[in-house]
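Chemist:
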Amino acid sequence: MSLLQTTPSAGPFAVTTLIGSYTSVALYGVSLALFSRAIGRFVERRRQGPAINPLFIVSSIFLVGLTTTDIVLLCHYTLVGVLYTPTGMGPDQYFENAGSPVQFARSVIGMTAILTGDAIMTYRAFIVWARRGVSVSVNIVLWLGTLACTLRSFQLEATAGTDILALLDIGRWGTAVFVLSLVQSTLATSLVVIRIWTVHRRSSEYSTSSFLPVLRALGEAGCLWTAFMAAYVTTTALDSPASGFMDQLTCPIASLTFFILVVQARSAPHDRTTPSLPPAGSSPTQITVQRNIDIHRGDERGDTAVIEDGEELRMKELDDSASSYLEA
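Counting in the UniProt record's numbering, the sequence shown runs from 1 upward without gaps.
1) For A26, count neighbouring Cβ atoms within 10 angstroms of its own Cβ and tell me buried if that reaches 16, exposed if not.
2) Comparing C-alpha positions only, which one of T67, L74, M246 and I120 sits nearest to L187?
3) Which same chain residues, not among the five before or five after V64, have their C-beta less than 6 Å away from its C-beta?
4) Would the segment 37–49 and the segment 109–129 be scored as touching if the rule is three or more Cβ pairs under 8 Å?
5) Less than 8 Å between the CB atoms is what I'm expecting for P252 and S100, so what's the real figure, rounded?
6) Can you grab the Cα-Cα spacing for the pair A38 / I196, in whole Å?
7) Would you say S153 and G171 are within 7 Å of each other, going by their C-beta atoms?
8) Taking R41 as the reference, which of G29, Y28 and F56 has the closest Cα?
9) In chain order, what residues of the same chain have a beta carbon less than 6 Å from the beta carbon of S243, not counting five sequence neighbours either side?
10) Looking only at C-alpha atoms, which of D239, L224, A125 and V193 sits nearest to L249?
11) By a C-beta neighbour count over all protein chains shown, 10 Å radius and 16 as the cutoff for buried, is T150 buried or exposed?
12) Report the option in I260, M246 and S107 whose CA atom is closest to the CA atom of I19.
13) Which residue's Cα is closest to the Cα of T122: L256, I260, F259 and Q184?
14) Which value, in whole angstroms, describes the spacing of the CA atoms of V72 and T198?
15) For A254 versus G117, is the C-beta distance shorter than 7 Å?
16) S135 by DSSP, collapsed to three states: which one?
17) In chain order, what residues of the same chain have a beta carbon less than 6 Å from the beta carbon of V15, not counting five sequence neighbours either side?
18) Which first and last residues belong to the alpha helix (DSSP H) in which P252 is found?
19) What does the alpha-carbon distance come out to for the pair T146 and T189?
20) So S107 and L74 are in contact, right, with Cβ under 8 Å, and what is the actual spacing, rounded?
21) Can you grab the Cα-Cα spacing for the pair V138 / V128, in whole Å?
22) If you reduce the DSSP assignment to three classes, tell me which class D239 lands in.
23) Hey, how far is the Cα of R131 from the Cα of R124?
24) Taking the alpha helix (DSSP H) that A113 belongs to, which residues open and close that run?
25) In whole angstroms, what is the alpha-carbon distance linking F126 and V43?
26) Cutting at 8 Å between CB atoms, please list the residues of its own chain near D271, excluding the five before and the five after it.
27) DSSP on Y232, reduced to helix/strand/coil?
28) Within the continuous alpha helix (DSSP H) that includes Y28, where are the two ends?
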């Protein structure tokens, strides 16, 4: 028996929240599938020899844990709203009750997922740009601003209850969080894409097909997150009932974006390209990325990219060259 059948007074916010809940559960299933594939890729990478950055393993497990907790709380809260709306509360009022313990916990989980995703993207740009802090200084400032707005939102939400003015204030701070995150993720993605494109364009040793899948994966992840952020900001600014739908998707979308970035960027070169290897007996190619890229030949086979501060990334195959930037 549905909420609409049992409660004729169900408003548009309750309906969109229910639709968002069902969609969130479906996206959670996709996230689990991508997580399983990511673990498989990590194991495969480990067997091939190069070390795996533990940050990505920890981040994967952490995001899955956050999303799982969020889905459990969401299902509980939705079932209570569908089967038993508390006395004195209409469906819309129940689902808009930002001060309830469950809603507050879900808000904390969702914002934590956003901050985690933004931090990962900033770290990725930091690694790709040879650990130069100045290259991600704007991202760091934006991340700190996002954190400050998030804490303010938590403070208001903990005491808001169903007060309309407090809910509007929370909405404004929440919008600020999403706008800052949108700018930050777009900037970080652009930095990574530009760096990969520049290095590979200057090196004749790398096949174009080896890094185009990486750029495509970055584009897919960036477009997904950017589209979600834009939709969320728009619905919140317009005070649309659709904001109830968008609220439910924050955590699953954050996980999906991360796993698309990790899984697709890693798997695409292996699955879809046939790299042109250097002639037998040719040497490691050393690429020194400063202002120019110098290519030197020696006696062994393999590639070593040396990035300004001396950090070296060993790449066993040419088709791994692009994806290695994402897994450093």
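We treat Cβ as the ideally placed atom computed from N, Cα and C, and that holds for glycine. These numbers were taken from a predicted model, which means no experiment stands behind them.
Modeler: Per the coordinate set shown:
1) Within the sequence shown, the letter at position 26 stands for residue 26. When all chains shown are included, A26 counts as exposed.
2) Taking the sequence shown and counting its residues from 1, the one referred to as residue 187 is at position 187. Comparing Cα-Cα distances from L187 to each of T67, L74, M246 and I120, the minimum goes to I120.
3) The residue given as residue 64 occupies position 64 in the sequence shown. Excluding sequence neighbours, V64 sits near F35.
4) no
5) The residue labelled residue 252 in the question sits at position 252 within the sequence shown. The residue labelled residue 100 in the question sits at position 100 within the sequence shown. Wrong, their Cβ atoms sit about 21 Å apart, outside the cutoff.
6) Here the question's residue 38 lines up with position 38 in the sequence shown. Here the question's residue 196 lines up with position 196 in the sequence shown. When rounded, the distance between both Cα atoms is 22 Å.
7) Working through the sequence shown from its first residue, we reach residue 153 at position 153. Working through the sequence shown from its first residue, we reach residue 171 at position 171. The answer is no: Cβ separation not under 7 Å.
8) As a first step, residue 41 must be located in the sequence shown, where it is residue number 41. Per the Cα distances, F56.
9) The residue labelled residue 243 in the question sits at position 243 within the sequence shown. Counting only Cβ-Cβ distances below 6 Å, and skipping sequence neighbours, we find T235 and T236.
10) As a working mapping, residue 249 is identified with position 249 in the sequence shown. If we check each option's Cα against that of L249, L224 comes out closest.
11) Position 150 of the sequence shown, counted from the start, is the residue given in the question as residue 150. Classification of T150: buried, given that the 10 Å Cβ count is 16 or more.
12) What you label residue 19 is simply residue 19 of the sequence shown in a count that begins at 1. The shortest Cα separation from I19 among I260, M246 and S107 belongs to M246.
13) Within the sequence shown, residue 122 is the residue found at index 122, counting from 1. For the residues L256, I260, F259 and Q184, the minimum Cα distance to T122 belongs to Q184.
14) The residue given as residue 72 occupies position 72 in the sequence shown. The residue given as residue 198 occupies position 198 in the sequence shown. The alpha-carbon atoms of V72 and T198 are separated by roughly 44 Å.
15) One-based indexing of the sequence shown puts residue 254 at position 254. One-based indexing of the sequence shown puts residue 117 at position 117. Result yes, Cβ atoms of A254 and G117 sit closer than 7 Å.
16) The sequence position of residue 135 within the sequence shown is 135, counting from 1. Helix, per DSSP.
17) Within the sequence shown, numbered from 1, the residue matching residue 15 stands at position 15. Within the same chain, V15 has no close Cβ partners at all.
18) For the purposes of this step, residue 252 is taken as the residue at position 252 of the sequence shown. Per DSSP, the continuous alpha helix (DSSP H) segment holding P252 begins and ends at T250 to F259.
19) For this step, residue 146 is matched to residue 146 along the sequence shown. For this step, residue 189 is matched to residue 189 along the sequence shown. Each residue's Cα considered, the two are about 17 Å apart.
20) For this step, residue 107 is matched to residue 107 along the sequence shown. For this step, residue 74 is matched to residue 74 along the sequence shown. That pair is no contact at about 12 Å.
21) Within the sequence shown, residue 138 is the residue found at index 138, counting from 1. Within the sequence shown, residue 128 is the residue found at index 128, counting from 1. Computed Cα separation, rounded: 16 Å.
22) Translated into positions along the sequence shown, residue 239 becomes position 239. Coil, per DSSP.
23) Counting from one through the sequence shown, the residue named residue 131 turns up at place 131. Counting from one through the sequence shown, the residue named residue 124 turns up at place 124. Approximately 9 Å between the Cα atoms of the pair.
24) Your numbering for residue 113 matches position 113 in the sequence shown. Taken as a continuous stretch (DSSP letters only), the alpha helix (DSSP H) holding A113 covers P101 to V128.
25) Locating residue 126 in the sequence shown gives position 126, where the first residue counts as 1. Locating residue 43 in the sequence shown gives position 43, where the first residue counts as 1. So the alpha carbons of these two residues sit roughly 25 Å apart.
26) The residue given as residue 271 occupies position 271 in the sequence shown. With a pLDDT of 39 at D271, under the threshold of 50, the modelled position of that residue is not reliable, and the figure given next carries that caveat. Nothing listed; no residue qualifies.
27) Taking the sequence shown and counting its residues from 1, one reaches residue 232 at position 232. Of the three classes helix, strand and coil, the one that applies to Y232 here is helix, per DSSP.
28) Taking the sequence shown and counting its residues from 1, the one referred to as residue 28 is at position 28. Counting along the chain, Y28 sits inside the alpha helix (DSSP H) bounded by residues P12 to Q48.
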